[in-house]
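Student:
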Amino acid sequence: MWAGLGSGLRPYDPLADASQPVGALVFGPNISRRLGRVLGINILPPGRVMCTYRCAYCPLAHAVELVDPRTARASASWPTPEQVAGALAQVLEELAPSYALDALVLIGNGEPTLHPRLPEVVEALRKAGEAHAPGAELVVFTNSSLLAEKRVLEALALADQVVAKLDAVDEGLRQAINRPHPSLARLPRVLEALLALRRALSELGGRLVVSITLLELPSGLTNAKEKHLRQLGAFLSLLSPEQVHLEMPLLPPGSPAQASPRHEVARAALRLAEGLGDERVFVLAGTSLPVPARLLRKAGISPPPSEGRRRPPEAALLLLEGPGGRTRLRILEVLAARRMNCHQVAKATGISWWTAQKHLQRLLEAGLVRTVPLGRRTYYAITPAGLTALEAIRADEGRGQPPTRLL
Numbered sequence: 365m366w367a368g369l370g371s372g373l374r375p376y377d378p379l380a381d382a383s384q385p386v387g388a389l390v391f392g393p394n395i396s397r398r399l400g401r402v403l404g405i406n407i408l409p410p411g412r413v414m415c416t417y418r419c420a421y422c423p424l425a426h427a428v429e430l431v432d433p434r435t436a437r438a439s440a441s442w443p444t445p446e447q448v449a450g451a452l453a454q455v456l457e458e459l460a461p462s463y464a465l466d467a468l469v470l471i472g473n474g475e476p477t478l479h480p481r482l483p484e485v486v487e488a489l490r491k492a493g494e495a496h497a498p499g500a501e502l503v504v505f506t507n508s509s510l511l512a513e514k515r516v517l518e519a520l521a522l523a524d525q526v527v528a529k530l531d532a533v534d535e536g537l538r539q540a541i542n543r544p545h546p547s548l549a550r551l552p553r554v555l556e557a558l559l560a561l562r563r564a565l566s567e568l569g570g571r572l573v574v575s576i577t578l579l580e581l582p583s584g585l586t587n588a589k590e591k592h593l594r595q596l597g598a599f600l601s602l603l604s605p606e607q608v609h610l611e612m613p614l615l616p617p618g619s620p621a622q623a624s625p626r627h628e629v630a631r632a633a634l635r636l637a638e639g640l641g642d643e644r645v646f647v648l649a650g651t652s653l654p655v656p657a658r659l660l661r662k663a664g665i666s667p668p669p670s671e672g673r674r675r676p677p678e679a680a681l682l683l684l685e686g687p688g689g690r691t692r693l694r695i696l697e698v699l700a701a702r703r704m705n706c707h708q709v710a711k712a713t714g715i716s717w718w719t720a721q722k723h724l725q726r727l728l729e730a731g732l733v734r735t736v737p738l739g740r741r742t743y744y745a746i747t748p749a750g751l752t753a754l755e756a757i758r759a760d761e762g763r764g765q766p767p768t769r770l771l
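Per the numbering used here, the sequence shown runs over residues 365 to 771.
Below is the structure:
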């Protein structure tokens, strides 16, 4: 029954899982801590492990081909949507008497959003799932690096759930931890794309889970420091995903990286829960099921000691103490809700176009906002540094978290 599909492609491997290179289109069933009983779907080219990242903690890092998306899509032999959906339908028919699956999961030998016909693949898998496993959700795991591509965004919006990787909101940390291909979009564009994905999923009834792996590199760099957690928390409050998962990696043999200790991961979860709520932040450690921040707090664990939410001196001067500081603070507040052009900023804050332009230029120079060209117009968006500064000012004034509305 399980005949090959050509080019070394096998339709099914019941014994494989995502901790090793998979030689088939469909594999499992496996038990997932997040999702329950799942069937894995590998849509990467047969015999190849391809990704846009080579993460320091990845169990397949030794085998990963770090690829330019355009080159990989043009040069590799990819399974067709018909092959993928046909293999899935065949496996589901065989499994139906024995297993009630909770999810069908796009995960496998690298980054699934590399597939050149991703929208067609996702649509074909949805139809196969609805026909043969109507109770199973379609879930996509992604490292988030290609979300800025329209075709990727449209495809993932069709999923019931997307588990999106976000280990860092600082470009230096991202480069050190995720080690992306040089051709990829810079971090601000990735963050903007995550916001767009959140909106698209919400419109179609899908859910977004953000996955964060906490670790320390040999250089001493870590994404679990208080300063980075504040920046991460500010962005996650704006993104407002259904859940955030903080993970301890199962590092491959010989890895120079170290997983953050369990107590540090738990305290980091409590820090992020301050902006998201105790029921939306979870710790995934070892083989344990996801543990909500609420249980960590009840167990007597406390968040890391605050560093006083110190603002950079330039931000304090620019937003509070200098001439026009309060106007610039108000501009940051409106940009935390959505991107705007200069005319919209002026109207929202009750100032003239020329005054808005002058203050936006100051905020640009300080790195608190950035420009987003759209057609002939230039829009302005708040940066992670801007969100951090705004969060700190609000905390000092007792005004709570930045806005979480997505527009």
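Note that CB positions come from ideal geometry on N, CA and C, so glycine has one too.
Please look up how many angstroms separate the CB atoms of residue 405 and residue 470, rounded, as I've assumed it's under 8 Å.
Tutor: 5 Å
Student: Taking the runs of the alpha helix (DSSP H) that are 4 residues or longer, which of them lie wholly in the segment 672 to 735?
Tutor: 677 to 680, 689 to 701, 706 to 713, 717 to 729
Student: Between residue 658 and residue 643, how many whole angstroms is the CB-CB distance? I'm expecting something under 8 Å.
Tutor: Confirmed, about 6 Å.
Student: Can you tell me where the beta strand (DSSP E) with residue 428 in it begins and where it stops?
Tutor: Segment: none, residue 428 is in no beta strand (DSSP E) and carries neither H nor E.
Student: Would residue 413 and residue 424 be called neighbours here (beta carbons separated by less than 7 Å)?
Tutor: yes
Student: Helix, strand or coil for residue 609? Go by DSSP, reduced to three states.
Tutor: strand
Student: How about residue 408 and residue 507: are their beta carbons less than 7 Å apart?
Tutor: no
Student: For residue 526, does the three-state DSSP call read helix, strand or coil?
Tutor: Per DSSP, reduced to three states, the secondary structure at residue 526 is strand.
Student: How would you write the range of the alpha helix (DSSP H) that residue 633 sits in, first residue to last?
Tutor: 626 to 640
Student: Rounded to the nearest angstrom, how far is the Cβ of residue 504 from that of residue 476, given a contact under 8 Å?
Tutor: 6 Å
Student: Just the Cα atoms here: how many angstroms apart are residue 352 and residue 631?
Tutor: Within the shown structure, residues of the chain are numbered from 365 to 771, placing residue 352 beyond reach of any answer.
Student: Residues in the same chain with beta-carbon distance under 7 Å from residue 516, minus the five sequence neighbours each way, listed in chain order, please.
Tutor: 477, 482, 510
Student: Under the three-state reduction of DSSP, which class applies to residue 481: helix, strand or coil?
Tutor: coil
Student: Quick check on the burial criterion: 16 or more other C-beta atoms within 10 angstroms. Buried or exposed for residue 460?
Tutor: Result: exposed.
Student: Are the Cβ atoms of residue 667 and residue 693 separated by less than 7 Å?
Tutor: no
Student: Can you check DSSP and say which residues form a bridge with residue 579?
Tutor: 623
Student: Would you say residue 530 and residue 576 are within 7 Å of each other, going by their C-beta atoms?
Tutor: Judged by beta-carbon spacing, residue 576 lies within the 7 Å limit of residue 530, meaning their Cβ atoms are closer than that value.
Student: Between residue 500 and residue 453, which are expected to be in contact by the criterion C-beta below 8 Å, what is the C-beta distance as a whole number of angstroms?
Tutor: For residue 500 against residue 453, the beta-carbon gap comes to about 13 Å, at or over 8 Å, which does not count as contact.
Student: Could you name the residues that DSSP lists as bridge partners for residue 415?
Tutor: DSSP output for residue 415 lists 430 as bridge partner(s).
Student: Does DSSP put residue 512 in a helix, in a strand, or in coil?
Tutor: coil
Student: Taking the alpha-carbon positions, what's the residue 381 to residue 585 distance?
Tutor: 31 Å
Student: What span of residues does the alpha helix (DSSP H) with residue 562 cover, start to end?
Tutor: 551 to 568
Student: What's the gap between the Cα of residue 652 and the Cα of residue 691?
Tutor: 49 Å
Student: Buried or exposed: residue 592, going by 16 or more other Cβ atoms within 10 Å of its Cβ?
Tutor: Within a 10 Å sphere around the beta-carbon of residue 592 sit 16 or more other beta-carbons, which makes this residue buried.
Student: Evaluate residue 713 with the Cβ neighbour count: other Cβ atoms within 10 Å of its Cβ, from every protein chain shown; 16 or more gives buried, anything less gives exposed.
Tutor: buried
Student: Of all the beta strand (DSSP E) runs that stay within the bounds of the segment 441 to 511, which reach a length of 3 or more residues?
Tutor: 467 to 470, 501 to 506
Student: Please work out which residues of its chain come closer than 7 Å, Cβ to Cβ, to residue 605, disregarding the five sequence neighbours upstream and downstream, and give them in chain order.
Tutor: Taking C-beta separations shorter than 7 Å and ignoring five residues to either side along the sequence, the partners of residue 605 in its chain run 562, 572, 573, 574, following chain order.
Student: Run through DSSP, which three-state label would residue 766 get?
Tutor: Model confidence at residue 766 stands at a pLDDT of 39, short of 50, so the residue's coordinates are unreliable and nothing is read from them.
Student: What number of angstroms, rounded off, separates the C-alpha of residue 396 from the C-alpha of residue 696?
Tutor: 41 Å
Student: Please report the straight-line C-alpha distance between residue 568 and residue 525, rounded to a whole angstrom.
Tutor: 11 Å
Student: Looking at the unbroken beta strand (DSSP E) that takes in residue 396, where does it start and where does it end?
Tutor: 388 to 396
Student: Alpha carbon to alpha carbon, what distance is there between residue 638 and residue 647?
Tutor: 15 Å
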